[in-house]
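Trainee: I'd like to ask some things about the structure below.
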Amino acid sequence: MESVNKPSFEMGNNATVKAAGDVNVSAKAEPDSGRSSTINYHDKDQLERMGKKQVLRRNFGFMTILGFSCTILITWEAITVLFAQGLNNGGTAGVIYSFLVVWVGNFSVFATMVAMMAPRSCSKFLSHLTGMLTVGGWQGSVSSSALLTGNMILGMATLNYPDFQPELWQGTLLFWAIFGFAVFINTLVSSVLPKFEGLILILHILGFFAILIPLVTLGPHASASDVFGTFVNNGGWSTNGISFMVGMMGNAFSFVGTDAAFHMSEETVNPSVVVPTSILLSLCINGACGFAMVIAMVFCMGNLDDAMASGPGMLGFPYMYIFKQATNSRAGATVMSAIIVLLAACATVGMLASTSRVFWSFARDRGLPGWRTLSKVSDRTTVPVYSVFCTAVISILLSLINIGSPVAFQNVTSLSISCLYSSYLIAAGLLLYRRLTKGFTLPGASDLPALANTTGAELVWGPFHLKGAFGIANNIFAMCYLIVVGFFSFWPPMVEPTVDMMNYSVVVTGGLVIFSVIYYFAWARKEYNGPIVEN
Numbered sequence: 001m002e003s004v005n006k007p008s009f010e011m012g013n014n015a016t017v018k019a020a021g022d023v024n025v026s027a028k029a030e031p032d033s034g035r036s037s038t039i040n041y042h043d044k045d046q047l048e049r050m051g052k053k054q055v056l057r058r059n060f061g062f063m064t065i066l067g068f069s070c071t072i073l074i075t076w077e078a079i080t081v082l083f084a085q086g087l088n089n090g091g092t093a094g095v096i097y098s099f100l101v102v103w104v105g106n107f108s109v110f111a112t113m114v115a116m117m118a119p120r121s122c123s124k125f126l127s128h129l130t131g132m133l134t135v136g137g138w139q140g141s142v143s144s145s146a147l148l149t150g151n152m153i154l155g156m157a158t159l160n161y162p163d164f165q166p167e168l169w170q171g172t173l174l175f176w177a178i179f180g181f182a183v184f185i186n187t188l189v190s191s192v193l194p195k196f197e198g199l200i201l202i203l204h205i206l207g208f209f210a211i212l213i214p215l216v217t218l219g220p221h222a223s224a225s226d227v228f229g230t231f232v233n234n235g236g237w238s239t240n241g242i243s244f245m246v247g248m249m250g251n252a253f254s255f256v257g258t259d260a261a262f263h264m265s266e267e268t269v270n271p272s273v274v275v276p277t278s279i280l281l282s283l284c285i286n287g288a289c290g291f292a293m294v295i296a297m298v299f300c301m302g303n304l305d306d307a308m309a310s311g312p313g314m315l316g317f318p319y320m321y322i323f324k325q326a327t328n329s330r331a332g333a334t335v336m337s338a339i340i341v342l343l344a345a346c347a348t349v350g351m352l353a354s355t356s357r358v359f360w361s362f363a364r365d366r367g368l369p370g371w372r373t374l375s376k377v378s379d380r381t382t383v384p385v386y387s388v389f390c391t392a393v394i395s396i397l398l399s400l401i402n403i404g405s406p407v408a409f410q411n412v413t414s415l416s417i418s419c420l421y422s423s424y425l426i427a428a429g430l431l432l433y434r435r436l437t438k439g440f441t442l443p444g445a446s447d448l449p450a451l452a453n454t455t456g457a458e459l460v461w462g463p464f465h466l467k468g469a470f471g472i473a474n475n476i477f478a479m480c481y482l483i484v485v486g487f488f489s490f491w492p493p494m495v496e497p498t499v500d501m502m503n504y505s506v507v508v509t510g511g512l513v514i515f516s517v518i519y520y521f522a523w524a525r526k527e528y529n530g531p532i533v534e535n
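Using the numbering used here, you'd call the opening residue of the sequence shown number 1 and step up by one each time.
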């Protein structure tokens with residue numbers, strides 16, 4: 001079997017560039033003058049070991065890439081918006097326990113993902129399929145983020161004007177406005193993106209306390225026995241266990257985007273250390289804040305049935321009702337909701353950056369249609385602007401579906417969990433195979449090969465990896481978690497769903513896989529051979 005590298009989400013692969021002579025690179029990127037020359041040389045050496053040349057400018061340091069990772073995850077913000085799904089299937093106890101399962105599961109998965117400096121070896125076909133799943137998953141994530149933000153703005157309008165009836169086209173227009181802002185930050189003023197993410201990290205933390213403190217001090221308090229002992233099975237499932245698993249998907253979605261920093265590796269100083277550190281630290285920060293917010297929401301929401309039946313207009317955001325009940329003030333609830341909306345809009349900026357790098361990274365290895373154009377980099381900003389605009393155009397076109405059928409749009413964007421988790425599963429499975437067959441080496445600094453972790457080259461561990469039996473056990477646990485969550489991501493919220501409540505994500509994901517297979521055997525296999533060695 002020919003071994004090539006997986007063209008997605010791994011740090012080393014996303015720190016690679018297009019093939020010289022095949023795609024025009026408009027400008028050579030130079031590291032910032034203030035960076036350490038030793039670190040710059042080390043970063044350049046890592047790329048050359050993978051057969052790649054430096055193209056993008058390294059603008060991100062540790063704090064800015066940590067801000068980038070944390071503010072894309074926005075777990076505590078997402079959990080306030082999405083926890084109603086867990087209330088319907090699982091109840092207050094189910095929401096709490098499933099959050100812990102998802103948090104631990106993501107730690108296991110990304111302890112596996114950061115194990116290498118460069119992407120893991122796999123067959124050419126699986127490499128291409130994994131890349132397509134990652135592209136589809138991130139495209140669904142950025143689109144759903146923008147639409148959810150637009151709908152929350154409409155929810156705030158309904159909160160303040162109860163007679164207001166939001167229309168579907170209004171949500172789509174707000175979607176466009178949010179995406180326009182994200183494109184502006186990512187293209188015209190792309191140099192401020194690191195500082196922007198650092199600023200949003202501060203707001204992310206301060207906003208957490210600005211919502212948590214009023215909620216727990218002013219809101220009603222349920223008893224611990226009610227909160228930790230109340231299970232709900234409103235979906236009509238045969239067992240509470242199945243209901244628990246179905247309801248867990250809201251918590252799972254609140255951790256989508258954990259791998260975002262991987263895709264910015266070539267724009268990060270000392271990525272082999274900084275990126276995995278920032279990812280695991282962002283999981284700690286977001287997980288802790290998210291768990292605290294879950295506890296606060298379930299303790300302070302008042303009557304469970306009232307909270308489930310609440311929500312402004314047809315949009316149904318129970319968290320706005322909970323804020324209003326806690327503060328006994330429409331203005332207070334609006335301010336608290338506005339914090340979440342602002343952070344969600346800013347998360348779309350980071351998601352667009354990460355999604356465009358996924359497009360660019362895969363395109364420069366000739367994995368996507370139109371790779372010659374998508375792999376180009378701007379001569380002014382050293383940003384893959386064609387990939388940014390491609391991501392934006394696809395999202396805007398998808399948003400038109402929302403005008404006719406919000407259900408259809410939601411099922412397109414449901415690619416977030418199913419596709420990303422499938423890509424993680426393939427990678428984790430191949431890594432486990434290599435662990436068991438001793439396919440990796442850990443040479444000393446003086447014995448590093450000239451080429452590593454690329455087609456036909458030696459597979460070398462990076463600075464972060466779990467060793468021995470513990471690493472294998474963690475790898476197996478991560479795969480089990482991914483299989484379970486991926487499987488239940490296709491389930492509807494109830495036993496006998498209506499057309500509007502049906503989960504069609506299995507159809508959408510299956511369609512993407514079928515398209516990927518057809519495209520690969522018809523065209524891509526003639527041009528795509530995994531990451532291209534340039535030097």
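Cβ coordinates follow ideal geometry from the N, Cα and C atoms, glycine included.
Can you give me the Cβ contacts of I483 inside the same chain, cut-off strictly under 7 Å, excluding the 5 residues immediately before and after it?
Mentor: L425.
Trainee: Would you call the CB atoms of S541 and I394 closer than 9 Å?
Mentor: With the chain running from 1 to 535 in the structure shown, residue 541 is simply not present.
Trainee: With distance defined between alpha-carbon atoms, name the residue in I340, G137, Y321 nearest to F84.
Mentor: Going by the sequence as given, residue 84 is Ala instead of Phe. That would be Y321, whose Cα lies nearest to the Cα of A84.
Trainee: Excluding the five sequence neighbours on either side, which residues of its own chain have a C-beta within less than 7 Å of the C-beta of M501, listed in chain order?
Mentor: Excluding residues within five positions, the ones whose Cβ falls inside 7 Å are P492, P493, M494.
Trainee: Taking the alpha carbon of L368 as the reference point, which residue from V109, M132, L66, A333 has its own alpha carbon closest?
Mentor: Considering only alpha carbons, the answer is M132.
Trainee: With DSSP collapsed to three states, give me the class of V377.
Mentor: Strand, per DSSP.
Trainee: Within 10 angstroms of its Cβ, does N160 collect 16 or more other Cβ (buried), or is it exposed?
Mentor: When all chains shown are included, N160 counts as exposed.
Trainee: Take S414 and list the residues in its own chain whose beta-carbon comes closer than 6 Å to its own, dropping the five residues that flank it on each side.
Mentor: Here the set comprises S505.
Trainee: Would you kindly work out how many angstroms separate the C-alpha atoms of A333 and A157, rounded to a whole number?
Mentor: So the alpha carbons of these two residues sit roughly 12 Å apart.
Trainee: Tell me whether the region 102–110 and the region 282–294 touch, counting them as touching only if at least three CB pairs, one residue from each stretch, are closer than 8 Å.
Mentor: Yes, the region 102–110 touches the region 282–294.
Trainee: Tell me the DSSP secondary structure of T71 in three-state form.
Mentor: DSSP places T71 in helix when its eight states are reduced to three.
Trainee: Which one of S141, G350, Y433 has the shortest CA to CA distance from V192?
Mentor: Nearest option by C-alpha distance: G350.
Trainee: With distance defined between alpha-carbon atoms, name the residue in L82, G136, L283 nearest to M249.
Mentor: Out of L82, G136, L283, L82 has the C-alpha closest to the C-alpha of M249.
Trainee: Can the beta-carbon of L147 be found closer than 9 Å to that of S361?
Mentor: No, the pair does not count as a contact, with Cβ atoms beyond the cut-off.
Trainee: How would you write the range of the alpha helix (DSSP H) that W103 sits in, first residue to last?
Mentor: That run of the alpha helix (DSSP H) goes 91–113.
Trainee: On the premise that T327 lies in contact with L218, defined as a C-beta separation below 8 Å, what is that separation, rounded to the nearest angstrom?
Mentor: At roughly 6 Å, the Cβ-Cβ gap stays under 8 Å, so L218 and T327 are in contact.
Trainee: Return helix, strand or coil for N233, following the three-state DSSP convention.
Mentor: Of the three classes helix, strand and coil, the one that applies to N233 here is strand, per DSSP.
Trainee: Tell me the DSSP secondary structure of T498 in three-state form.
Mentor: Coil.
Trainee: Measuring only the C-alpha atoms, how far is R525 from F125?
Mentor: In a straight line, the C-alpha of R525 is about 8 Å away from that of F125.
Trainee: I need the DSSP call for F488, collapsed to helix, strand or coil.
Mentor: F488 falls in the helix class under three-state DSSP.
Trainee: Run through DSSP, which three-state label would T239 get?
Mentor: T239 falls in the coil class under three-state DSSP.
Trainee: From the DSSP output, which residues share a beta bridge with T268?
Mentor: Partner(s): F60.
Trainee: By Cβ distance, which residues of its chain are closer than 8 Å to I340, with the 5 residues on each side in sequence left out?
Mentor: Counting only Cβ-Cβ distances below 8 Å, and skipping sequence neighbours, we find E77, T80, V81, M152, G207, I211, Y319.
Trainee: What residue from V298, A408, M336, L512 has the CA that sits closest to A224's CA?
Mentor: The shortest C-alpha separation from A224 is found at V298.
Trainee: Looking only at its chain, what residues have a beta carbon closer than 6 Å to the beta carbon of N233, apart from the 5 residues adjacent to it on each side?
Mentor: These residues qualify, in order along the chain: N240, S243.
Trainee: Where does N474 sit, in a helix, a strand or coil, going by DSSP?
Mentor: DSSP places N474 in helix when its eight states are reduced to three.
Trainee: Would you call the region 375–383 and the region 275–282 touching, i.e. three or more CB-CB distances under 8 Å?
Mentor: No: fewer than three Cβ pairs fall under 8 Å.
Trainee: Can you say whether D306 is buried or exposed, counting buried as having 16 or more other CB atoms within 10 angstroms of its CB?
Mentor: Classification for D306: exposed.
Trainee: Which residues mark the beginning and the end of the alpha helix (DSSP H) in which V513 is found?
Mentor: Per DSSP, V513 belongs to the alpha helix (DSSP H) from 505–519.
Trainee: Do V412 and I401 have their beta-carbon atoms positioned less than 9 Å apart in this structure?
Mentor: Cβ distance < 9 Å, so I401 and V412 count as in contact.
Trainee: Here's the rule: buried if 16 or more other CB atoms are within 10 angstroms of the residue's CB, otherwise exposed. What is N303?
Mentor: Exposed, by the Cβ-count rule.
Trainee: Could you give the distance in angstroms between the alpha-carbon of N563 and the alpha-carbon of F184?
Mentor: The chain is shown from 1 up to 535; residue 563 falls before or after that span and cannot be answered.
Trainee: Any heavy atom of the ligand PLP closer than 8 Å to the Cβ of A524?
Mentor: Of the ligands one can find in the structure shown there are none, so the ligand PLP has no counterpart to examine.
Trainee: Taking the alpha helix (DSSP H) that F125 belongs to, which residues open and close that run?
Mentor: Element bounds for F125: 124–160.
Trainee: Compare the beta carbon distance of I72 and S354 with 9 Å and say whether it is the shorter of the two.
Mentor: A contact, by the Cβ cut-off of 9 Å.
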